Amino acid sequence: MSEVVTVLGVKVGVFSSQVALERVKGFLAKGGSHRLFFVNAHTLNLAYEDPEYRDVLNSAELVLNDGIGVEIAARLFGVSFPENLVGTDFIPKLCALARDLNLSLYLLGSRPGVAELAAAKLQISFPGINVVGTHHGYFSKEEEDEVVRAIQEASPDVLLVGFGNPFQEKWIALHQRLLRIPLSVGVGAFIDFMAGRVRRAPWWARRARMEWVFRLVVEPRRLWRRYILGNPKFLWRVLRARLFTAIGWREDDRWA
Numbered sequence: 030m031s032e033v034v035t036v037l038g039v040k041v042g043v044f045s046s047q048v049a050l051e052r053v054k055g056f057l058a059k060g061g062s063h064r065l066f067f068v069n070a071h072t073l074n075l076a077y078e079d080p081e082y083r084d085v086l087n088s089a090e091l092v093l094n095d096g097i098g099v100e101i102a103a104r105l106f107g108v109s110f111p112e113n114l115v116g117t118d119f120i121p122k123l124c125a126l127a128r129d130l131n132l133s134l135y136l137l138g139s140r141p142g143v144a145e146l147a148a149a150k151l152q153i154s155f156p157g158i159n160v161v162g163t164h165h166g167y168f169s170k171e172e173e174d175e176v177v178r179a180i181q182e183a184s185p186d187v188l189l190v191g192f193g194n195p196f197q198e199k200w201i202a203l204h205q206r207l208l209r210i211p212l213s214v215g216v217g218a219f220i221d222f223m224a225g226r227v228r229r230a231p232w233w234a235r236r237a238r239m240e241w242v243f244r245l246v247v248e249p250r251r252l253w254r255r256y257i258l259g260n261p262k263f264l265w266r267v268l269r270a271r272l273f274t275a276i277g278w279r280e281d282d283r284w285a
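Okay, structure coming up:
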């Protein structure tokens with residue numbers, strides 16, 4: 030089975046959570062700076078419309094599938110993911126790995142005070158985990174250098190960045206060389222979820238791969254465009270790409 034499937038020009042890893050964690054361990058043992066991103070239908074819609082963002086995603090060492098939309102797209106190309114690696118489920122596994130390997134974490138994102146609360150709850154959930162710093166995501170361009178210096182001084186092994194897409198991935202790519210952090214991860218709303226500021230969908234909705242419906246009901250004003258307009262757009266784009274592949278046409282040479 031292929032280790033990668035390309036969906037709307039983005040290369041997505043075809044891994045179980047266990048294999049993905051082993052990949053992360055390999056990156057950390059190898060040295061250098063590495064990136065881990067998650068993609069869902071919304072992320073891939075953004076990448077479809079933004080070549081720079083698509084390049085940022087494809088430059089990451091590991092890109093994982095998050096959600097039913099990516100799974101449907103992969104199946105249309107004859108690929109099945111072993112698991113649905115939703116970030117809010119996978120990141121706790123990564124935190125457990127960090128604790129077990131004595132790796133330090135830094136949380137960057139959300140509103141003032143939320144990252145600190147998330148860090149405190151991580152320390153309860155994973156006794157012994159080493160969170161060396163936090164900072165909110167509502168800083169100005171003028172304050173950015175100060176934030177970067179704070180992260181450099183904390184010198185974490187793992188940086189969790191929760192700005193939302195595409196900002197978190199672009200920010201990580203822009204600052205990776207300067208920060209020299211072994212692993213930087215785009216975590217979306219994980220910091221808010223961990224802090225209890227945003228509710229997770231009930232287990233039955235997650236099991237049915239309908240967490241997006243729950244989020245739409247809870248936050249309709251913020252998310253209606255993403256799901257009501259974005260999901261059909263994503264499906265159409267994937268179907269068109271599949272048709273072009275079937276008849277031997279290339280929709281966009283940039284995806285070669």
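Just so we're aligned, residue 30 is where the sequence shown starts under our numbering, counting upward by one.
Glycine included, C-beta positions come from ideal geometry on N, C-alpha and C.
Everything numeric in this text was worked out from a predicted model, so none of it was measured.
#### Entry: Pairwise C-alpha distance: Asn94 and Pro141
Pro141 and Asn94: Cα-Cα distance of roughly 29 Å.
#### Entry: Sequence-distant residues of the same chain with beta carbon closer than 7 Å to Phe110, five excluded per side
Closer than 7 Å at Cβ, skipping near neighbours: Val43, Asn94, Glu100, Ala103.
### Task
Would you kindly check if the distance between the Cβ of Pro195 and the Cβ of Leu75 is under 8 Å?
Yes, the pair counts as a contact, with Cβ atoms nearer than the cut-off.
### Task
Have a look at Gly215 and His165 and give me their C-alpha separation to the nearest angstrom.
One alpha carbon belongs to Gly215, the other to His165, and they sit about 14 Å apart.
### Query
Count the other CB atoms within 10 Å of the CB of Gly60; is the residue buried (16 or more) or exposed (fewer)?
Exposed, since its Cβ has fewer than 16 Cβ neighbours within 10 Å.
### Query
From the DSSP output, which residues share a beta bridge with His63?
Paired residues: Leu212.
### Beta bridge counterpart(s) of Ser133 as assigned by DSSP
DSSP, once it has assigned bridges, lists Asn159 as partnering Ser133.
### Query
Taking the alpha helix (DSSP H) that Tyr75 falls in, what are its first and last residues?
Reading off the sequence, residue 75 comes out as Leu, not Tyr. Element bounds for Leu75: 70-78.
### Query
To the nearest whole angstrom, what separates the beta carbons of Arg64 and Ala89, a pair I think is in contact under 8 Å?
4 Å between Cβ atoms; contact.
### Task
Using alpha carbons as the reference points, say which of Ala234, Glu198, Gln205 lies closest to Gly326.
A question about residue 326 goes unanswered here, because the residues of the chain that appear run from 30 up to 285.
### Message
Using the three-state DSSP reduction, which class does Asn260 fall into: helix, strand or coil?
### Response
Residue state, collapsed to three classes: helix.
### Query
What are the residues that DSSP puts in a beta bridge with His164?
According to DSSP, which records beta bridges pairwise, His164 is partnered with Leu137.
#### Entry: Chain-order list of residues whose beta-carbon lies under 8 Å from that of Gly225 (same chain, five-residue window excluded)
Cβ within range, chain order: Leu146, Lys150.
### Query
Fully enclosed by the segment 83-124, which alpha helix (DSSP H) runs are 4 residues long or longer?
Runs found: 97-105.
#### Entry: Straight-line gap, Arg251 to Gly193 (C-alpha atoms, nearest Å)
Each residue's alpha carbon lies about 13 Å from the other.
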